[in-house]
């Protein structure tokens with residue numbers, strides 16, 4: 016075997032080594048630490064090595080960078096002149112001027128070496144590591160740790176210089192990658208886990224609802240004013256009992272002349288506490304309590320705290336001071352666990368807002384009331400475009416550009 020061929024074999028071996036360091040870099044960066052820790056807890060020794068490497072991630076990544084730099088430089092030193100030597104004869108045979116053969120051979124050799132280095136030493140290991148992070152991390156973590164320890168003094172010195180430069184930019188270097196995830200990332204992860212069968216669909220739905228709760232406000236979970244059952248301040252305790260029988264509700268806003276003038280909230284138990292002989296003469300203004308008024312923009316989490324600490328019904332007020340609706344603890348609970356039904360509610364197949372209907376083509380079909388919220392449609396898998404609306408009626412009006420007749 017000639018010297019140029021030996022140099023090419025050595026260069027290709029170094030390209031494979033470069034690919035190893037690239038795979039180590041991307042494998043350690045993209046692997047999910049909880050997944051590695053779970054595998055380690057189950058007795059996987061290689062996964063335990065991955066967890067150890069993740070605890071000093073900055074140091075290990077510096078080791079991969081050192082390995083990539085060394086192998087890339089040596090590949091260039093070996094492959095380009097070797098290829099140029101092999102190409103010089105064939106190029107001279109084509110009749111090229113003798114002075115141009117050497118330069119052209121070096122240029123072609125550089126292109127070929129760079130192409131092989133890019134594909135075999137960079138792209139293939141990177142794509143493999145991104146597609147199978149734990150599998151790759153288990154494969155590379157052990158040898159990578161050995162390499163990093165062997166070159167610890169060099170890596171430590173380079174790291175110290177790099178960290179000083181980073182601190183000059185006002186950033187404190189970290190040895191481990193932050194594992195925090197945004198709510199959107201967690202929702203995507205949970206849905207992917209449910210599709211893969213790692214989570215029960217009901218559990219995934221509950222988790223998604225819990226994460227989405229932080230994005231909701233009072234106006235998202237309230238009962239709109241058109242559906243609010245309320246009593247005028249001149250109504251009596253007997254009227255409270257009658258309205259409870261008719262609606263199945265136990266709390267009602269009390270207003271003066273219009274529902275925009277809410278003066279209190281009356282509870283069924285307060286009406287029952289009135290002697291039966293006096294119920295037709297005792298007005299609700301005497302037995303109601305001061306209302307809890309909240310803006311429609313109030314996030315659900317502080318709203319929940321106020322409902323728990325003050326009273327379980329709040330009147331939602333719009334930006335103009337009018338009544339937009341009411342919200343209760345049950346409304347928020349339903350955002351988490353779905354519809355909560357009691358003996359006064361309609362059966363599930365009798366829901367006035369959304370009901371499954373038979374379809375001739377066999378595909379799932381639904382009949383939605385105008386008051387049905389678009390979030391409910393999204394939960395059953397329908398894609399609803401984002402827009403300035405909360406209900407199906409608002410969606411239809413937005414699409415038509417008018418109020419449908």
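Numbering (this note's numbering), first residue to last: 16 to 420. Even for Gly, the Cβ is constructed at its ideal location relative to N, Cα and C. It should be emphasised that the depicted structure is a prediction, and the values quoted were computed from it without experimental measurement.
Let's see if you can read the secondary structure: which residues bound the alpha helix (DSSP H) around residue 70? 60-70
Would you kindly check if the distance between the Cβ of residue 389 and the Cβ of residue 399 is under 8 angstroms? yes
Thinking C-alpha only, which one of 326, 282, 100 is nearest residue 300? 282
Using the three-state DSSP reduction, which class does residue 25 fall into: helix, strand or coil? helix
Cα-Cα separation, residue 38 to residue 143: 7 angstroms
Decide yes or no for the touch test of the stretch 63-70 against the stretch 147-158: beta carbon pairs closer than 8 angstroms, at least 3 of them. At 8 angstroms Cβ cutoff, the stretches touch.
Buried or exposed: where does residue 332 fall if 16 or more other Cβ atoms within 10 Å of its Cβ makes it buried? So residue 332 counts as buried.
Tell me the DSSP secondary structure of residue 265 in three-state form. DSSP places residue 265 outside both helix and strand once states are collapsed to three, so it counts as coil.
Supposed contact pair residue 173 and residue 77 - C-beta distance, whole angstroms, cut 8 angstroms: 6 angstroms
Simplified DSSP state of residue 19, which is helix, strand or coil: helix
Residue from 210, 234, 69 with nearest C-alpha to residue 40: 69
Proximal residues to residue 170 (C-beta, below 7 angstroms), its chain only, five neighbours per side dropped: 74, 77, 78, 81, 163
Here's the rule: buried if 16 or more other CB atoms are within 10 angstroms of the residue's CB, otherwise exposed. What is residue 122? exposed
Thinking just about the alpha-carbon of each residue, which of 165, 60, 96 is nearest to the one in residue 149? 60
Which of the three DSSP states, helix, strand or coil, is assigned to residue 362? The predicted position of residue 362 is uncertain, since its pLDDT is 45 and thus under 50; no value can be drawn from it.
For residue 417, does the three-state DSSP call read helix, strand or coil? coil
Start and end of the alpha helix (DSSP H) containing residue 380? If you look at residue 380, you'll find it isn't in any alpha helix (DSSP H); it sits in the beta strand (DSSP E) that goes 380-383.
Apart from the five residues on each side of it in sequence, which residues of its chain come closer than 6 angstroms, Cβ to Cβ, to residue 181? 188
Residues bridged to residue 34 (per DSSP): Looking at the DSSP assignment, residue 34 forms no beta bridge with any residue, so it has no partner.
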